[in-house]
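Visitor:
There are 2 protein chains.
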Amino acid sequence: MKAKIESDLAGAGHATMQDVARHAGVSLKSVSRVVNREPHVSEKLRMKVEAAIADLNYIPDIAARSLAGSRTFIIGLLFDNPSPNYTMKLQAGVYRACTEHGYHLRIDNVDSSCSPAVLESRLDAIVRNSRCDGFVLTPPLTDNPQVLDFFDARGVRYVRIAPSVEVDRSPGVLIDDEAAAGSVARYLWDLGHRRFGLVTGPVEHGAAAKRRAGFLDMLSGLGLTEPVAEAAGGFSFEGGITAGQQLLAAQHKPTAIFATNDDSAAGVMVACSQAGVAVPADLSLCGFDDSWIAKSVWPYLTTISQPIEEMGHAAATFLLDRRDSQPALRTLQFHLVQRDSVAAPAQEKSTSVA
Amino acid sequence: MKAKIESDLAGAGHATMQDVARHAGVSLKSVSRVVNREPHVSEKLRMKVEAAIADLNYIPDIAARSLAGSRTFIIGLLFDNPSPNYTMKLQAGVYRACTEHGYHLRIDNVDSSCSPAVLESRLDAIVRNSRCDGFVLTPPLTDNPQVLDFFDARGVRYVRIAPSVEVDRSPGVLIDDEAAAGSVARYLWDLGHRRFGLVTGPVEHGAAAKRRAGFLDMLSGLGLTEPVAEAAGGFSFEGGITAGQQLLAAQHKPTAIFATNDDSAAGVMVACSQAGVAVPADLSLCGFDDSWIAKSVWPYLTTISQPIEEMGHAAATFLLDRRDSQPALRTLQFHLVQRDSVAAPAQEKSTSVA
DNA sequence: ATGCCGATTGGCAACGCTGTCAAGATTGCG
DNA sequence: CGCAATCTTGACAGCGTTGCCAATCGGCAT
């Protein structure tokens, strides 16, 4: 079984760099140079080596590469409490970037709700054991100071998805929640709506606050004087139902409701159907996220689409392309997806504004 | 910077097995034995080594381990066309099993809709490059003959999630779809329902056929003579709407509808609200999967819960525990989740059965 | 005591690749 | 035309572990 000596194909196992070198008649190191696209390689040599690589169907061994070199060719995706839709899209984007760069994707789950000490050791285990070239942090890890401190202290590269506190602290990929909510306001306003309801999210959620502010600011900028009715929806379906009931019980029902995420918007829709309020005939409803639920309700929800897959891709690309870790932010474009839950308000005597 | 010679802590880097050996005053190989729980290690030596490991906070280097040994300590999770909810749960289960065994989870996405040649090379790249100790296959990869052939030919270990064709071919984890659908039938029957509607899934989907058969067989076994009205829902929300409209348009409306997955059940619910049919007062509705949407509709959907996370865990555990790869199946328990979309049928003159 | 056998322990060569450094090839310039 | 500067290429020593084989240590039958 030691007949490996003269054969190119080294018996049963797969071709190694050694095999390629022999086949091409060059040194081991030269093959390494070609594989790693290092400079100072003549065209001729590169061609020879590439031909040999193709001939032998050579694929570098990751384990050996990471042992010998400093790179591991692995990107870690960290999440906590994953919301299926969001996380899967993100993961798809990160994965795509990884394959584009010949990297691999490793998944790790971190429960940030545990004690700082436990969290610390958990992170330690992940970082040391994984030896990743970089991590992508998803919310709520994104905004967890302890996690950030940990990575910074270790000098481990990472990119934050949708950071909302200390935004400039490290590289991140995000959308402008405020502007997005503003665009919803403007859209509804332009349609003629003047009486609004707002379903807010959890107070501790950074994006929730921005969406609320963006919506309210735009409206007052547009000249709205009447106050916007608010109800807490907690970003959940059930919360949305409650909030919807509240908003619908008011003396002057709003003609349009903006729920700051899709789940609560779906809840509002239930409240409407319970109250006999037709969407969008009697009430326009707008969500945020373009999550999967937006097309699992009837009528389909008009909502803000975040390019989540794109954000994952951008984050990983950040890690992979820019070896310098200067803090830098990448803001991606949201867009308003017009579906069926929004219409102009029903005719009333309410053409009040000058 | 080469002052590593006498120190235990080897400067800036992390402790290596060498450091542990020195600290414990034993040989390198002995540390390896302890770490790998190999036999022929005296209690005394093991204690010493373990103490040293704890002292130095030693964590083995995966890259070195996989390079030197035959194991890689990585499990690959392969999916295609991931449905967010299902996949995330599965992934969570697989991940849990991995951490329990000190393994890592690597994700790979395979598009099985491409040409066989492309698929072949894609699989080749994944298997060779990943060098995983085993793969978990999710539907529809689970039932793709080419994928199965590929892995079998390479002698790569894998476990199938929810196999439905050639079930005995390789290790797999599944539930009894037929029995689950049967339990729905019995549940509705016991409540007094005698006029049924069935929303079917895609014909090419193995589980869809089983659910239909299980439902129908149970009903006829129970003595139902009236035919069950069927409509194609294609496992989708929109398909469910159409199917629901169809079913509801019939002369004798069914008093209970079984949609073979939750998405289509949600669609049926929309059809109901459009038709002014109250759920569950006028019509009972039952889904299948207990996916996330089951609690994103109102009323909450009564459905069959598959232990998806558990299935992922079981699959990975299979890979990790049983080093022998005898085909073996593990059937997990489903259960009927009673929520709010099912009730006894409204009183009619229809107490027909003897 | 003597010799032998199995249980322990250690030594050392891979594993496949990259980093460092030096040697050879080529070019430019005085 | 010679020598330095630069570009290309190669040799070789690890990276941190495991696998294999040899050495050592007890204990037990003789």
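Protein sequence lines correspond, in order, to chains W and U.
Take the position in the first sequence, starting the count at 1, then add 216; the result is the number in my numbering.
Take the position in the second sequence, starting the count at 1, then add 216; the result is the number in my numbering.
Glycine is no exception: its CB is placed at the ideal position from the N, C-alpha and C atoms.
Just so we're clear, the structure is a prediction, and the values are computed from it rather than from any experiment.
So that I know if they touch, is there some Cβ in chain U lying closer than 8 Å to that of F366/W?
Guide: At least 8 Å separates the CB of F366/W from every CB of chain U.
Visitor: Near A560/U, what residues of its chain come up, given a Cβ to Cβ distance below 6 Å and the 5 sequence neighbours on each side ignored?
Guide: Excluding positions up to five away in sequence, the list reads L407, G408.
Visitor: Taking C-alpha atoms, which residue in Y374/U, I290/U, L463/U lies nearest to I278/W?
Guide: I290/U
Visitor: Hey, would you say L548/U sits closer than 8 Å to A531/U, going by beta carbons?
Guide: Cβ atoms of L548/U and A531/U: not closer than 8 Å.
Visitor: Between the alpha carbons of V334/W and A341/W, how many angstroms are there, rounded?
Guide: Put simply, the backbone Cα of V334/W is about 11 Å away from that of A341/W.
Visitor: Only counting the same chain, and skipping five residues up and downstream in sequence, which positions put a Cβ closer than 8 Å to that of V419/W?
Guide: A425
Visitor: When you compare only the Cα positions, how much space is there between A447/U and L414/U?
Guide: 6 Å
Visitor: According to DSSP, simplified to helix, strand and coil, what is T358/U?
Guide: helix
Visitor: Starting from L463/W, trace the alpha helix (DSSP H) in both directions and tell me its first and last residue.
Guide: That run of the alpha helix (DSSP H) goes 453-464.
Visitor: I need the boundaries of the beta strand (DSSP E) containing H239/U, first residue and last residue.
Guide: Element bounds for H239/U: not the beta strand (DSSP E) but the alpha helix (DSSP H), 233-240.
Visitor: Let's test the definition: count the other Cβ atoms within 10 Å of the Cβ of R410/U and tell me whether it reaches 16, buried, or not, exposed.
Guide: So R410/U ends up on the buried side.
Visitor: Identify every residue that forms a DSSP beta bridge with Y374/U.
Guide: F351/U
Visitor: Indicate whether D296/W and P356/W have their beta-carbon atoms separated by less than 8 Å.
Guide: yes
Visitor: So, is the C-beta of H320/U closer than 8 Å to a C-beta in chain W?
Guide: Under the Cβ distance rule, H320/U counts among the residues neighbouring chain W, one pair being separated by less than 8 Å.
Visitor: Closest to S480/W by CA distance: which of F451/W, H468/W, V493/W, S507/W is it?
Guide: F451/W
Visitor: Considering only residues of the stretch 309-333 of chain W, which uninterrupted beta strand (DSSP E) runs meet the minimum length of 3 residues and lie entirely inside it, listed in chain order?
Guide: Listed in chain order, the complete beta strand (DSSP E) runs (minimum 3 residues) inside the stretch 309-333 of chain W are 320-325.
Visitor: Determine the extent of the alpha helix (DSSP H) in which H529/U is found, giving its start and end residues.
Guide: 524-537
Visitor: Can the beta-carbon of R338/W be found less than 8 Å from the beta-carbon of V352/W?
Guide: no
Visitor: Kindly list the residues whose CB is nearer than 6 Å to the CB of P496/W, restricted to its own chain and excluding five residues on each side of it in sequence; keep chain order.
Guide: S557, V558, A559
Visitor: Could you work out which residue in G241/U, S436/U, W405/U, P276/U is closest to K260/U when comparing CA atoms only?
Guide: G241/U
Visitor: On the three-state DSSP scale, how would you describe S512/W?
Guide: coil
Visitor: Given a threshold of 16 other Cβ atoms within 10 Å of its Cβ, counted over all protein chains shown, does T567/W qualify as buried or as exposed?
Guide: Its pLDDT being 47, under 50, T567/W is placed unreliably in this model, and the coordinates cannot settle the point.
Visitor: Are there 16 or more other CB atoms within 10 angstroms of the CB of N252/W, so buried, or fewer, so exposed?
Guide: exposed
Visitor: Report all residues from its chain with a CB closer than 7 Å to the CB of D271/W; omit the five preceding and five following residues, and keep chain order.
Guide: H239
Visitor: Taking all protein chains shown into account, decide if T458/W is buried (16 or more other Cβ within 10 angstroms of its Cβ) or exposed.
Guide: By the neighbour-count rule (16 or more Cβ atoms within 10 Å), T458/W is buried.
Visitor: Over what stretch of residues does the alpha helix (DSSP H) that includes E446/U continue unbroken?
Guide: Note, E446/U: premise wrong, no alpha helix (DSSP H); beta strand (DSSP E) at 445-448.
Visitor: Mind checking R169/U: buried by the 16 CB within 10 Å criterion, or exposed?
Guide: The requested residue 169/U is not part of the displayed model; chain U covers only 217 to 570.
Visitor: Have a look at L244/U, R376/U, H551/U and flag the residue whose alpha-carbon is nearest the alpha-carbon of Y403/U.
Guide: H551/U
Visitor: In terms of DSSP beta bridges, what is A475/U paired with?
Guide: V415/U
Visitor: Could one say the Cβ of L283/U lies closer than 8 Å to chain W's Cβ atoms, at least one of them?
Guide: yes
Visitor: Please name the residue in A482/W, I520/W, I524/W, L517/W whose C-alpha comes closest to that of V513/U.
Guide: The shortest C-alpha separation from V513/U is found at A482/W.
Visitor: In terms of residues, what are the limits of the alpha helix (DSSP H) holding F295/U?
Guide: Where F295/U is concerned, there is no enclosing alpha helix (DSSP H), although the beta strand (DSSP E) it sits in stretches over 290-295.
Visitor: Of all the CB atoms in chain W, is at least one closer than 8 Å to the CB of Y403/U?
Guide: Y403/U does not count as touching chain W.
Visitor: Where does T416/W land, buried or exposed, given buried means 16+ other C-beta within 10 angstroms?
Guide: buried
Visitor: Could you give the DSSP three-state label for S282/W: helix, strand or coil?
Guide: helix
Visitor: I'd like the list of long-range same chain contacts for P276/U, defined as Cβ closer than 8 Å, with 5 residues on each side in sequence excluded.
Guide: M233, V251
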